[in-house]
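Contents: one structure, followed by commentary.
2 protein chains.
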Amino acid sequence: MTTDSQADLDRMFCPRSVAIIGASDDPNRISGRALRYIREGGFKGAIYPINSRRDIVQGLKAYPALENLPEVPDVVLIALPFSLAEQAVRSCANLGVKAAIIFTGGFAETGEAGAQAQAEIRAIAAAAGMRLLGPNCLGMFNSELGFFALFASSLDRQLPSSGPVAVVSQSGAYGQQIAYLAQRRGLGVKYCITTGNEADVSVADALMWVAGQPDIRVIMAYAEGIRNGPAFVRALDVAQRNGKQIVFVKVGRSERGAQAVASHTAALAGADEAFDAVLRQFGAYRAESTDEQIDIAYVCARGVPLSGHRLGILTVSGGFGVQICDAAISLGLDVPPLPESAQVRLSRILPSGSVLNPVDCTGQVVNDTSVIAESLDLMLAEGGYDAVIAFFSTLPIAASVAENLRRGVMEGTRNHADRLVVLCTVADPDSVRAYEKAGFLVFEDAARAVRAVAAAMRLTARRRLSSGVSDAAPEPAAIGQGPVSEFDAKRLLADAHIPVPSEYLVASRAAAIEAAQQSGSPVAMKIVSPDILHKTEIGGVILNVSGDAAVGEAYDALMRRARNAMPSARIEGVLVTPMAPCGVETIIGIKRDPTFGPLVMFGLGGVFVEVFKDVAFRLAPIDLEQAHEMIAEVKGSALLEGARGAGRSDIDAVAAALVNASRFAAANAGRIESVDINPFLVLPAGQGALALDAAIVPSQDGSAGPPAAGATHARAMG
Amino acid sequence: MTTDSQADLDRMFCPRSVAIIGASDDPNRISGRALRYIREGGFKGAIYPINSRRDIVQGLKAYPALENLPEVPDVVLIALPFSLAEQAVRSCANLGVKAAIIFTGGFAETGEAGAQAQAEIRAIAAAAGMRLLGPNCLGMFNSELGFFALFASSLDRQLPSSGPVAVVSQSGAYGQQIAYLAQRRGLGVKYCITTGNEADVSVADALMWVAGQPDIRVIMAYAEGIRNGPAFVRALDVAQRNGKQIVFVKVGRSERGAQAVASHTAALAGADEAFDAVLRQFGAYRAESTDEQIDIAYVCARGVPLSGHRLGILTVSGGFGVQICDAAISLGLDVPPLPESAQVRLSRILPSGSVLNPVDCTGQVVNDTSVIAESLDLMLAEGGYDAVIAFFSTLPIAASVAENLRRGVMEGTRNHADRLVVLCTVADPDSVRAYEKAGFLVFEDAARAVRAVAAAMRLTARRRLSSGVSDAAPEPAAIGQGPVSEFDAKRLLADAHIPVPSEYLVASRAAAIEAAQQSGSPVAMKIVSPDILHKTEIGGVILNVSGDAAVGEAYDALMRRARNAMPSARIEGVLVTPMAPCGVETIIGIKRDPTFGPLVMFGLGGVFVEVFKDVAFRLAPIDLEQAHEMIAEVKGSALLEGARGAGRSDIDAVAAALVNASRFAAANAGRIESVDINPFLVLPAGQGALALDAAIVPSQDGSAGPPAAGATHARAMG
């Protein structure tokens, strides 16, 4: 998105004037709601209802047509039936309008004819340099301006107030619902943008725009699929650099779900695992449910930076303390005990409670709330915790206890205003609001509190931002569209600095024997042909061959078997290679995603990938740190670390190979469908690793999908 | 628990008269709260405050001492300081009281001296045939009788009303909180029993009693550890037979959490995995959070039996429909499409929506709610769904839409009163209550709704109840306390009908050669000594030996290595066995849990168990069906089913071996610490399986812990 287009979006999302074509005088009709909300919201700019049959609409002077307006409005809302919408877009374009929001449905979501109509309005707008939101969208709002151009009936109750949260959603229903739920949770929502059919402005564009707004801290986003992978990645990257936390819900994880997406939206559904990898790689969080999304936004909106993942737990009930501890451990948080000196002091205050962590004040707080104050103060001052969760059960339910508790909490946190203190308690809404006003977060359910805090720790941690790859990317390799033999694949990978065994491609019995002598016995021997992809199935691999005679016989046998199995195959010869040393088998792969471009994949060999789906993906290219993150993400990597009594394997060699594979993938984004290095054998620490087998499948269609999303991204950042 | 002790608990939990020793005139003090709640609750029985300094307490005639009462009360509440509690228990015993509830703290939870005091009151009560609840408990209530002998301040707001739910909790804080939350969710809670220090009545006893109450459908339970494994198992079994759904929260899953449990409670913390296995085996559900526990109770309390796991989804927003579908699939539910004839009819009603499943009514319902009625009716009538989730976003927020929606929903479900219909919608509390009164369940969050429905499907499914093992259990084996050699271990397992290879134990070079000739070469040869447990470490295993000379040399080498490595070892000879055929390596284990007795374990070999913790446990003994359930529970079993292109393995042989191992475990519960059959090699289907190696560790202490919890259980059911 260029700076110009950003400015056009400023006009759309922060307009000084608005015209509404098709504005109804009835404030309850869809075509009347936006006007009603904009008026009720106190929008200060000019509001121009366009209605050819009325002089006055909802108390405002109406105009018969766009052309009659005293000025060109910043944005035009189109709330017309399908049959009239295209003409309205044309009028906007002719008048020089730079932004239009189209509520009208009946376009691409209904089938081929609708898609053509959508292409038509898109072309009209593009030619006139006009940005479009929609069609078939619920609109958007900017609550600070009182610009509520959204026709959700949930606004009937109360118009949202402004705050550090933005909502960006492809689905109108989803967007208005989370805006409503956030508002009810006490979160101010400044922007809510729903993109609908995305004829022009996509979720990626809206994210990019919101990521540039200085007063936004948290972005709640929703999509069913991403249309423009590289633009989406750029938006995530800018959001990360600008310190915005993105909490994303994307549906269609299951196969049935993905089918359902396909059946109700025209959105391109790229591989879910690619989406997952991209969010993780660029510091956004994927929530599994709407509750989780709101919970995390609630914590992040508080704006407390969390530099680690050390959790302090204060409780009035041992059992709940343990429940919180279990949940924290399962999410990878640390629950370290207090320093010993603090334990000693605390045990004077809490003779019958626990002073480790969880700190258990027991029921005695009902009689003596100073215990709360002193424990909290000590934990915040000396525990070294990044966040403290304080569990108070149902204590605020009884009025007498509630007041004592409140005093204890306020006193205990007085000197720690900048810290994240989460109260976990069952209380009345008024009491919750009062604590929130004083800067606390309040959850009812302990497990939800922990999950949200853990997510916020991941999101707000000061990360070393990925800098892309600074060296010049490698040259594209010479890959045609035809099949690539194992020998050629290994040669290409060796050129990309991925280690392969010393190998000899021989075309005669005598050469085979000489190669085996050079390699040192025993050797493995394999037929080499671009036409034979599954060598073992035709007996094209013979292992553990020793001695000149046996090598000679094996050569003849391989050639015979290949000819018998596939008489037309082009046979390049036989590969002679030393038998592999002992090591841990892993898999390195490259896979082209239609939305995001080439991904690099890592997993342990065999069952790990196939049975447990224990793999990590990243958008290519990656750097060494990201490679190590990928390796750590794979559970089976415990084997590389030396599980089961074995020694540590050469993990650095794996990381280097992943980086080089990812750069190879990026440099050849248009040419490669997939690469499968399997097994990639990892030797003991210091001894390296070897690509024992490799297959490269070139792109068949010549179209590279998005042209190397990652590479583009790396250039954009370079 | 005998029938007599059940009757004593009837007296405690359903009393006709109650005395309160230490009843305060101040209704806000701990010692005054129970009296206040019992009066406010409208308890119809006699209430006798005992207070030596007042004639009237909270408006009731008070008595100076227990001995002055006109009758022996059914239950006595003891709300005294620690120093006076023992004397009060003694007075109760002397007077012939049969049930006492002791709020007083200061007992086992404070250390050794307190534990002795607790043992003392326990002995006094036992001698007098009196049941005790507590000490250090929050008490209990029976809301139908208005008997609120619970001093939780959360009762201040509103006393719970009766219904199909019972709460059984070791922790008072936890118990009162879930009772409060259930009440707020509209669930009637008839019994709430908190057991505290469990000097007498334990969570197991309370579960058993509640499981026998005919008007209870759902039991929400909480514990940190189980004191009496066999009693707990019997209670779960009775609950299952009586059709009660148990939703359990047990904390201490993480190691840190288990330490925290140990630091604040005297409860025996048996292995968490054993607890997990027992709940699964006896049809109870372990919830991970309090929210989840309440959600599941909410669904189960509705009392709709669910015979399968087919979910229908109706939605007004495609995106949320997919979210529900994703969640359902991830929890193992089926989301099958409507039958084609129904799809055809539905597509007439929904020209622009989706008619598969999810059925998407789109936003058109705002204008035409008959669409809801007809879609719901069709899904319920013809979809074959066990439950239907209907998602309506924020529609009820706008008053005009809410009424239309309500009519549509009522009409669409009119002919399906007996079905489970869950509305997923954001609505005001009044509107939610109205739907609930009409028989609907209402959730706000889609993911939570799905999780609760999935759990209810698991809980209420008509299960074939485990019948224990009907054949006579095998005789105990001859196992001493000394070490058991591999040879003896295999012989013992062979006697228990677990297949082992044909093996020869030889004590001379010549015998070794003859054994190898009998076996057919090649053979594996291993040193046999009860003193050498780790044979491979001393070079005590030689594989792939062929030919007389090689066999003879191997024999000599093994004897030499054993003598060098451990000159004092008793050497029984050398094991000669045919080399193993190809198969899938699995592990069968037996492990003694201190709480529950012997568990049988199954997992795939090696990394599966160690890296992924991919194992299943069951209390021994099990039957064939349970064995197959265990195998299916292990993800890696995909390899036995023929993943990775291999053929199907002999799963029936694994199941039979698990049953036999479990019966061996039960028959020898007192004698065995652990058994490790690793590898247990599974051959292709029809060819059986073989225990290639086995180790038996006998009990060292002679104390068997609980005497074969499972065996006891099997007898109890027999």
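Protein sequence lines correspond, in order, to chains E and B. Position one of the first sequence corresponds to residue 1 (this note's numbering), numbered consecutively onward. Position one of the second sequence corresponds to residue 1001 (this note's numbering), numbered consecutively onward. Think of the CB as a built atom: it goes at the ideal place given N, C-alpha and C, for glycine as much as any other residue.
By the criterion of at least three beta-carbon pairs nearer than 8 Å, the stretch 1593-1602 of chain B is in contact with the stretch 1664-1674 of chain B. Here V335(E) really is in contact with I329(E); their C-beta atoms are around 6 Å apart, less than 8 Å. Counting C-beta pairs with one atom in each stretch, the stretch 194-207 of chain E and the stretch 121-128 of chain E have three or more that are closer than 8 Å, which means they touch.
Excluding sequence positions up to five before and after A1274(B), its CB lies within less than 7 Å of the CB of D1593, T1595, F1596, L1599 and F1617, all in the same chain and listed in chain order.
Around the CB of H309(E), 16 or more other CB atoms lie within 10 Å, so the residue is classed as buried. For the pair L1155(B) and Y1037(B), the Cα-to-Cα distance works out to about 8 Å.
Taken in chain order, the complete beta strand (DSSP E) segments of 3 residues or longer contained in the stretch 161-242 of chain E are 165-169, 189-194 and 218-223. Contacts with chain B at 7 Å (Cβ-Cβ) include A638(E). With fewer than 16 other beta carbons inside 10 angstroms of its own, K1061(B) counts as exposed. E1585(B) carries a strand assignment under DSSP once its states are collapsed to helix, strand and coil. Selection M1130(B), V1168(B), A1117(B) and S1083(B) evaluated against I1101(B) yields M1130(B) as nearest (Cα-Cα).
Excluding the 5 residues flanking it on each side, A1427(B) has same chain C-beta neighbours closer than 6 Å at P1396, in chain order. Under the three-state reduction of DSSP, T1369(B) is assigned to coil, being neither helix nor strand. L558(E) and V523(E) have their C-alpha atoms some 14 Å from each other.
In the structure shown, P1594(B) falls within a coil segment according to DSSP collapsed to helix, strand and coil.
Look at the stretch 532-547 of chain E: it has no residue with a C-beta under 7 Å from a C-beta of chain B. Chain E places a beta carbon closer than 7 Å to that of C1325(B), counting this residue as a contact. For the C-beta of L1346(B), not a single chain E residue is nearer than 9 Å; the gap to the nearest is close to 13 Å. Beta-bridge pairing by DSSP links L1681(B) to E1585(B) and L1690(B).
Unbroken beta strand (DSSP E) runs of no fewer than 3 residues, entirely contained in the stretch 1059-1143 of chain B, are found at 1075-1078, 1099-1102, 1131-1133 and 1139-1142, following chain order. Contacts with chain E (Cβ-Cβ distance below 9 Å) from the stretch 1600-1628 of chain B involve L1604, G1606, V1607, F1608, E1610, V1611, F1612 and D1614, listed in chain order. In this structure, S153(E) is the residue among P679(E), E382(E) and S153(E) with its C-alpha nearest to the C-alpha of A1399(B). Under the DSSP assignment, V1355(B) falls outside any alpha helix (DSSP H); it carries neither an H nor an E label. In the three-state reduction of the DSSP assignment, I1538(B) falls in the helix class.
Taking 7 Å as the CB threshold, I1193(B) stays off the interface with chain E. Going by beta carbons, S674(E) and V654(E) fall outside the 7 Å limit. S1521(B) is positioned such that its CB atom lies no closer than 7 Å to that of S1502(B).
Neighbours of Y1180(B) in chain E, taken as residues at a C-beta separation under 8 Å, are given in chain order as T394, I397 and V426.
Secondary structure of A1549(B) (DSSP, three-state): helix. Taking each of V251(E), K250(E) and A235(E) in turn and checking the Cα distance to K244(E), the smallest one comes out for A235(E).
Residue pairing of I246(E) in beta bridges, as defined by DSSP: I219(E). Between V1210(B) and A1223(B), the C-beta spacing is not below 7 Å.
In this structure, G1552(B) sits away from A1507(B), with a CB-CB distance that is not shorter than 7 Å. For a Cβ distance threshold of 8 Å, residue set A1173 of chain B lies close to V316(E), ordered along the chain.
Under DSSP, M1601(B) forms a beta bridge with G1589(B) and F1617(B). DSSP lists A387(E) as the beta-bridge partner residues of L420(E).
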